Amino acid sequence: MEAITDSEAPQSDHITNPTFERGGVWMSSFHGDRYMQEDIYKVTDHVKVGFDDIFAEPSATKAGDVGQVLSPSVRKVFSLVFGYTQSAIYYFLTILTGVFLGLTWGALFGTVNYFVVWPQWCSARVQFIIWTMIVAATLAGSMIGLTFGLRTPPLENGGSPPDRTFDGFFGDSPDDSQSESSWFGQW
Numbered sequence: 001m002e003a004i005t006d007s008e009a010p011q012s013d014h015i016t017n018p019t020f021e022r023g024g025v026w027m028s029s030f031h032g033d034r035y036m037q038e039d040i041y042k043v044t045d046h047v048k049v050g051f052d053d054i055f056a057e058p059s060a061t062k063a064g065d066v067g068q069v070l071s072p073s074v075r076k077v078f079s080l081v082f083g084y085t086q087s088a089i090y091y092f093l094t095i096l097t098g099v100f101l102g103l104t105w106g107a108l109f110g111t112v113n114y115f116v117v118w119p120q121w122c123s124a125r126v127q128f129i130i131w132t133m134i135v136a137a138t139l140a141g142s143m144i145g146l147t148f149g150l151r152t153p154p155l156e157n158g159g160s161p162p163d164r165t166f167d168g169f170f171g172d173s174p175d176d177s178q179s180e181s182s183w184f185g186q187w
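All the letters of the sequence shown, read from the start, carry residue numbers 1 to 187 under UniProt numbering.
Written as structure tokens, this is what we have:
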């Protein structure tokens, strides 16, 4: 990148210090009110408050016949103190609120992450139980007929078939009166 001469640098009425080019965009240094030149698209012109906006002198005092109230050196010191104080307060409040907001958003996203991951883990256990029941219902020898309707169980005394769909699956033992061998033994 080539060096910029003073004649090539953009000129401004209230900024007399040289500027430099950073990344193809004219940027000023951060001394006093000169940092406000960084808004190249002039989006925030309505909220910019600089030294001249607060400690401005009436335009009549800048005329040659009356003279300035503040000497240029005192005015420069006031401008530097104002700029550094404004920047320091801005950075202090940014750090103060940034840490608080960082902790807040970190806790929020951590909580969201927790409630996305762990309930999925629990639902995976439920899905495993359901999958096991489906596999047992379709592949267990005693349930193939019931699942696919290949054979209908015999009706005892004109009633409905015994409800033993999950006998033995959950550790239950079938009743002695209705053993599995007698139920499917006829077929």
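Think of the CB as a built atom: it goes at the ideal place given N, C-alpha and C, for glycine as much as any other residue.
Owing to the predicted nature of the structure, the values given are computational and were not obtained by experimental measurement.
Under the three-state reduction of DSSP, I40 is assigned to coil, being neither helix nor strand. Put simply, the backbone Cα of M133 is about 44 Å away from that of T104. For V49, the three-state secondary structure derived from DSSP is coil. S71 sits in coil when the DSSP states are folded into three classes, being neither helix nor strand. If you draw a straight line from the Cα of K48 to the Cα of K42, it comes to about 10 Å. Under a 10 Å Cβ-count criterion, S123 is classified as exposed, with fewer than 16 other Cβ atoms of the shown protein chains found around its own Cβ. In the assembly as shown, G83 is a buried residue. Its beta-carbon has 16 or more other beta-carbons within 10 Å.
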